[in-house]
Amino acid sequence: MLKLSIRLLRARLGTSVATLVALAAGVMILMTLSVFIVSAAVYKPDPGRYAAVDVVVAHRQVEIVTKEFDGETSVTTAALPEGTVPADLGDKLRALPGVTEVQVFPGPAKDRVAAFGVKGDAVKAVERLAKENGVEAYAGDDRGFADRSEAGDARSFLMEAGSAFGGYVVLLIIFVVTGTVGLAVRHRRRDLALLRAIAATPRQVRKLVMAENAVLALAASVVGVPAALLATTWVHDQLVSRGFVPEGFPITGQPLAAGIAVVLILLVAVVAARIAARRVSRIKPAEALGDIAVEPSRGGKVRFVSGVLTLGAGGAATVFALGATGMAAQASAIGLLYLYVIAVALLAPWINALAARVLGPVLRTTWGVSGGLAVANLRANARGSAAVLTALVLAVGFGGSVWFLQNNLQRQTVTQSQDGMKTDYALVGSMPAGTAEKIRRTPGVEAATGVRNTSVVVPIFDGGEAATAKAVDTDGLSSTMDLGVDKGSLDQLKGNSVAVSQLRADSSGWKLGDGAKIWLPDGRQVTLKVVAIYDRGLGFADVLLPRDLVAGPDDQVLVRGTAVRIPGATLVPASELTGQLSRDLALSAWLNKLLIGVMVGYAALAAGNTMVMAALARKRELAVLQLAGVTRRQVRRMVTAEQVGLLGGALTIGALIAAVTLTAVVNALTGSLLPYVPPMGWVVVLGGATVLALVTTILPVRRLLRVPAVHNAGIKE
Numbered sequence: 001m002l003k004l005s006i007r008l009l010r011a012r013l014g015t016s017v018a019t020l021v022a023l024a025a026g027v028m029i030l031m032t033l034s035v036f037i038v039s040a041a042v043y044k045p046d047p048g049r050y051a052a053v054d055v056v057v058a059h060r061q062v063e064i065v066t067k068e069f070d071g072e073t074s075v076t077t078a079a080l081p082e083g084t085v086p087a088d089l090g091d092k093l094r095a096l097p098g099v100t101e102v103q104v105f106p107g108p109a110k111d112r113v114a115a116f117g118v119k120g121d122a123v124k125a126v127e128r129l130a131k132e133n134g135v136e137a138y139a140g141d142d143r144g145f146a147d148r149s150e151a152g153d154a155r156s157f158l159m160e161a162g163s164a165f166g167g168y169v170v171l172l173i174i175f176v177v178t179g180t181v182g183l184a185v186r187h188r189r190r191d192l193a194l195l196r197a198i199a200a201t202p203r204q205v206r207k208l209v210m211a212e213n214a215v216l217a218l219a220a221s222v223v224g225v226p227a228a229l230l231a232t233t234w235v236h237d238q239l240v241s242r243g244f245v246p247e248g249f250p251i252t253g254q255p256l257a258a259g260i261a262v263v264l265i266l267l268v269a270v271v272a273a274r275i276a277a278r279r280v281s282r283i284k285p286a287e288a289l290g291d292i293a294v295e296p297s298r299g300g301k302v303r304f305v306s307g308v309l310t311l312g313a314g315g316a317a318t319v320f321a322l323g324a325t326g327m328a329a330q331a332s333a334i335g336l337l338y339l340y341v342i343a344v345a346l347l348a349p350w351i352n353a354l355a356a357r358v359l360g361p362v363l364r365t366t367w368g369v370s371g372g373l374a375v376a377n378l379r380a381n382a383r384g385s386a387a388v389l390t391a392l393v394l395a396v397g398f399g400g401s402v403w404f405l406q407n408n409l410q411r412q413t414v415t416q417s418q419d420g421m422k423t424d425y426a427l428v429g430s431m432p433a434g435t436a437e438k439i440r441r442t443p444g445v446e447a448a449t450g451v452r453n454t455s456v457v458v459p460i461f462d463g464g465e466a467a468t469a470k471a472v473d474t475d476g477l478s479s480t481m482d483l484g485v486d487k488g489s490l491d492q493l494k495g496n497s498v499a500v501s502q503l504r505a506d507s508s509g510w511k512l513g514d515g516a517k518i519w520l521p522d523g524r525q526v527t528l529k530v531v532a533i534y535d536r537g538l539g540f541a542d543v544l545l546p547r548d549l550v551a552g553p554d555d556q557v558l559v560r561g562t563a564v565r566i567p568g569a570t571l572v573p574a575s576e577l578t579g580q581l582s583r584d585l586a587l588s589a590w591l592n593k594l595l596i597g598v599m600v601g602y603a604a605l606a607a608g609n610t611m612v613m614a615a616l617a618r619k620r621e622l623a624v625l626q627l628a629g630v631t632r633r634q635v636r637r638m639v640t641a642e643q644v645g646l647l648g649g650a651l652t653i654g655a656l657i658a659a660v661t662l663t664a665v666v667n668a669l670t671g672s673l674l675p676y677v678p679p680m681g682w683v684v685v686l687g688g689a690t691v692l693a694l695v696t697t698i699l700p701v702r703r704l705l706r707v708p709a710v711h712n713a714g715i716k717e
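With the UniProt record's numbering applied, the sequence shown covers 1 to 717.
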């Protein structure tokens with residue numbers, strides 16, 4: 001079976017190369033992503049200052065226990081930015097049998113320490129005591145996790161980015177590979193029907209197709225793995241140069257990552273081949289060639305009903321996403337794109353037939369006889385063109401939605417920061433917490449606000465997540481910041497109280513006057529009264545805390561009035577703060593657009609690949625038309641008219657899906673139902689899709705028309 005598979009692949013070189021390209025690109029993307037995830041997973045930070053102790057007792061994460069609907073409990077963890085340990089835990093550690101010494105690593109407050117270093121052979125006892133007191137014990141190679149370092153932050157960053165991005169990439173690759181393999185098998189249905197006609201069993205036909213795609217997947221790995229190594233090196237260099245990871249962070253695990261990518265691509269290719277070969281393998285031998293000579297129907301009832309149900313699910317998710325706010329809306333909106341594209345893939349034969357009817361008069365009027373032939377082809381080949389429609393919708397949907405999301409985030413964040421910053425200057429640097437009060441007594445200073453930038457852990461769904469936070473000195477706060485308070489007043493931000501952004505309030509279900517359960521930066525769990533809800537969370541922070549709830553020095557002092565200089569701090573104008581924010585956002589936008597660009601690029605590759613395959617598979621059809629008296633010019637015009645018909649439907653549907661998805665996400669993040677798209681944005685997306693569709697179809701057809709029609713009419717399809 002393997003030898004026969006290889007011989008057939010050589011005979012069908014065009015479709016084999018197209019499938020190979022899709023699989024190789026998938027291997028490259030999957031392996032590159034896997035390398036960084038594996039590197040982060042196996043990385044053990046250097047213990048650094050904890051190298052001389054056997055166990056480190058620290059508080060670097062919180063465990064959040066929630067009860068499910070079925071009564072089961074689930075535990076999630078969230079990292080703490082400044083976790084500390086109660087100072088009285090030191091005496092308990094010293095009392096443990098086997099502990100010979102306890103070192104104290106000072107913290108920002110008298111009753112809290114950064115960590116305890118324990119010497120002795122009482123590791124298990126220390127771990128039990130730490131767990132009983134709500135903190136963690138790190139021993140052996142894990143001691144490095146107790147310290148905060150650039151490498152540790154890079155590890156967390158790679159894990160979070162990889163896990164968040166990986167699911168969407170895998171789903172996209174499955175979608176693309178399944179479509180490409182399905183189209184390749186469809187173009188070979190005559191060969192497979194011939195095998196059935198000479199008594200090959202359905203099982204043998206399926207095994208043959210699966211073996212062919214297994215061979216292609218392995219061949220694609222030979223190309224994809226080296227390409228992934230080059231891509232990994234380039235991405236690593238870019239991450240280092242932009243400060244996402246330190247230069248010494250090790251990139252390892254390439255063999256394991258290659259194994260993961262190859263196995264996954266092999267599995268996807270084989271399963272896709274099994275599904276694609278299902279129909280042709282079930283044809284009766286006596287009816288095989290006659291049945292396959294007729295263009296297949298648009299699809300069965302199961303496909304139509306599944307498509308309608310998926311479309312309905314997308315509609316329901318759209319209503320929810322547009323009506324909701326906060327993180328729930330973001331999560332549902334991201335899934336909209338996939339729901340709608342899956343619905344289009346299922347309903348594509350009926351969409352193509354409808355588009356042919358609607359656009360038929362226009363095509364006939366514009367292209368005359370060629371337009372009439374194009375309409376007839378679109379109707380007859382409605383199912384055959386399903387893969388082309390789906391690929392175009394996928395490319396336009398991705399390009400027109402997730403790509404512009406970062407533009408909206410940047411624009412809103414900078415705008416909110418500019419509109420809300422009322423200060424003239426800012427002192428930037430590490431300054432004692434009382435610095436702002438001293439500055440306020442300086443002649444000519446109207447107001448001064450001390451700020452410590454940090455993060456807290458807040459509940460969300462069935463777990464928790466980190467949220468940006470500012471601990472502020474509230475004296476004269478309204479003179480230096482305008483957060484766009486919608487409910488309540490920042491004058492009440494004192495003691496055990498908190499102000500939150502509208503987005504955070506919606507995500508966590510908080511209302512004015514509610515008790516908000518929050519884990520402070522040092523790990524203490526507190527319940528604070530919500531005294532204000534504001535709109536400018538993107539430009540400032542999700543959570544605003546009274547300064548005395550967070551220990552440690554100020555990062556900034558916002559000054560309104562006369563400029564004041566403090567030793568060890570840098571005086572900068574307020575506009576420079578906003579400029580730095582814009583530069584930081586541009587840096588993070590580079591990473592997001594790199595990840596999104598990979599997905600958009602792969603979707604575009606799939607679209608181009610699919611259309612080239614579809615065009616090259618028509619050599620016999622076009623030759624028969626020429627022999628029937630149709631001129632080459634008329635054939636070219638017919639193909640152009642067909643592509644315009646397909647493009648009309650694909651661009652309309654893709655743009656609609658992109659608009660709905662982008663609107664839902666932007667509404668969740670900013671409350672605006674009108675997303676921002678750069679002036680040339682839609683021109684690039686729609687124009688690029690149009691050029692891609694026409695070039696990848698018209699050029700292959702021109703190549704086919706150079707060959708004498710008599711030659712092409714007599715060869716295999």
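No residue lacks a Cβ here, since even glycine has one placed at the ideal position from N, Cα and C.
Below 7 Å, is the gap between the Cβ of residue i and the nearest heavy atom of the ligand PLP?
i, result
"residue 108", "For the ligand PLP, the structure offers nothing, since it holds no ligand at all."
Where does residue i sit, in a helix, a strand or coil, going by DSSP?
i, result
"residue 510", "coil"
"residue 207", "helix"
"residue 559", "strand"
"residue 44", "coil"
"residue 202", "helix"
"residue 596", "helix"
"residue 425", "strand"
"residue 64", "strand"
"residue 225", "helix"
"residue 136", "strand"
"residue 516", "strand"
"residue 112", "strand"
"residue 255", "helix"
Start and end of the beta strand (DSSP E) containing residue i?
i, result
"residue 408", "Looking at the DSSP string, residue 408 is not in any beta strand (DSSP E); the run it does join, the alpha helix (DSSP H), is 402 to 420."
"residue 453", "445 to 460"
"residue 99", "99 to 109"
"residue 74", "73 to 79"
"residue 468", "463 to 472"
"residue 573", "570 to 573"
Considering only C-alpha positions, which residue in the set the options is nearest to residue i?
i, options, result
"residue 365", "32, 75, 641 and 650", "641"
"residue 563", "587, 436, 401 and 535", "436"
"residue 48", "40, 29 and 149", "149"
"residue 527", "517, 588, 282 and 536", "517"
"residue 60", "335, 34, 143 and 42", "143"
"residue 91", "161, 529 and 118", "118"
"residue 760", "597, 374, 537 and 250", "Since the first residue shown for the chain is 1 and the last is 717, residue 760 is missing from the structure and cannot be characterised."
"residue 522", "430, 552 and 138", "552"
"residue 248", "473, 76, 699 and 45", "45"
"residue 540", "506, 629, 414 and 174", "414"
"residue 524", "29, 77 and 86", "86"
"residue 343", "37, 311 and 27", "311"
"residue 635", "262, 645 and 623", "623"
"residue 227", "127, 261 and 398", "261"
"residue 728", "166, 276, 585 and 314", "A query on residue 728 cannot be resolved here, the shown segment of the chain reaching from 1 to 717 and no further."
"residue 335", "463, 543, 169 and 687", "169"
"residue 197", "211, 353, 282 and 172", "282"
Which residues bound the alpha helix (DSSP H) around residue i?
i, result
"residue 533", "Careful: residue 533 lies outside any alpha helix (DSSP H), inside the beta strand (DSSP E) at 525 to 534."
"residue 168", "150 to 187"
"residue 127", "123 to 132"
"residue 382", "Per DSSP, residue 382 belongs to no alpha helix (DSSP H) and is neither H nor E."
Hey, is the segment 370 to 380 in contact with the segment 408 to 416, meaning 3+ C-beta pairs nearer than 8 Å? no
Taking 8 Å as the cut-off, does the segment 568 to 575 touch the segment 495 to 502 (at least 3 CB pairs, one atom from each stretch)? no
Per the contact definition of three or more C-beta pairs closer than 8 Å, is the segment 382 to 402 in contact with the segment 604 to 612? yes
Unbroken alpha helix (DSSP H) runs of length 4 or more, entirely within the segment 300 to 375: which are they? Given a length threshold of 4 residues, each whole run of the alpha helix (DSSP H) inside the segment 300 to 375 is given here in chain order: 301 to 323.
Check whether the segment 426 to 441 and the segment 689 to 697 are in contact - that is, three or more C-beta pairs closer than 8 Å. By the Cβ test, the segment 426 to 441 is not in contact with the segment 689 to 697, since fewer than three Cβ pairs between them sit closer than 8 Å.
Alpha helix (DSSP H) runs wholly inside the UniProt domain "ABC3 transporter permease C-terminal" (595 to 708), at least 4 long, in chain order: The qualifying runs are 619 to 627, 632 to 670 and 681 to 705.
Does the structure place the segment 669 to 682 close enough to the segment 419 to 431 that three or more beta carbon pairs sit under 8 Å? no
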